[in-house]
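Numbering (the working numbering), first residue to last: 64 to 258.
Cβ coordinates follow ideal geometry from the N, Cα and C atoms, glycine included.
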C-alpha cells in the first residue's frame, strides 16, 4: 500500500464504511480510488469518531508523520505522500517501526496481484511473501482451474498430483513463487477447514 488513498481503501475500512454509510456498494465501486478514499474519510473520520482498530491505525499513521487528523479533506496527507520517494518512505517506515523485514500475504486469485507476480518481480529481502490460502482452499472446485491457468500443477480432486506449491525454483520462504513443499495434502487441509 502506498499513499493515503491506498491506506483508506483497505478492505477493513471499506467494510466499516458500508456499515455506517448510505452509499450503495455499486456506487462505491464505480468511484475512482481517490473518491473512494474521500468517501471513507468523510464517513469514518469526519462524520464519526474513529474508534475501531482499523480507523485508529490510520490516525496513528497520520500522527507518526505529523499530519493533521482533524481536517475535512485529505489535501495535506496527499501532498505529503506525493512528495515522498517510495524507497525513502519504505526506509523511514521500517526505521520508525523498528523492523528490518515484513511479511506480506499474496493472493494468486487476485488478478492484480497475480499479474504482478506472474510477470516477475525483483526480489527485495525486506519483504517476505507468503501465499494466502483461504480463498484457494475454501472454494477449491472453482479455484483450482485458475491456478492451473497460471501454470501450477493442480487437479480437480486435490490429489497428490496437485503439487502447486512445488516448482523449479529452490524453496525460499521470502518468495511467493517458490511454491515450497508442504507435508500435508490439500484434501486433508480442506476437511479440517470450516469454509
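Secondary structure note for residue 190: its beta strand (DSSP E) is the uninterrupted segment 190-194. For residue 168, the enclosing beta strand (DSSP E) starts and ends at 165-169. If only uninterrupted alpha helix (DSSP H) runs of at least 4 residues are considered, those enclosed by the region 77-158 are 88-92, 96-104, 116-127, 138-145.
The Cβ neighbour count for residue 171, taken over all protein chains shown within 10 Å, is at least 16; the residue is labelled buried.
Taking 8 Å as the cut-off, the Cβ atoms of residue 139 and residue 130 count as close.
The C-alpha of residue 192 is placed about 20 Å away from the C-alpha of residue 209. Of all alpha-carbon atoms in 162, 176, 149, 92, the one lying nearest the alpha-carbon of residue 78 is that of 92.
Secondary structure at residue 65: coil, using DSSP grouped into helix, strand and coil.
If you ignore the 5 residues before and after residue 182, its C-beta comes within less than 7 Å of no other C-beta in its own chain. Take the alpha-carbon of residue 95 and the one of residue 162: they are about 33 Å apart. Residue 174 and residue 122 have their C-alpha atoms some 30 Å from each other. In the three-state scheme derived from DSSP, where H, G and I count as helix and E and B as strand, residue 216 is classed as coil.
Ranked by Cα distance from residue 125, the first of 70, 88, 105 is 70.
Spatial neighbours of residue 135 in its own chain (CB-CB distance under 8 Å, excluding positions within 5 residues in sequence) are listed in chain order as 105, 109.
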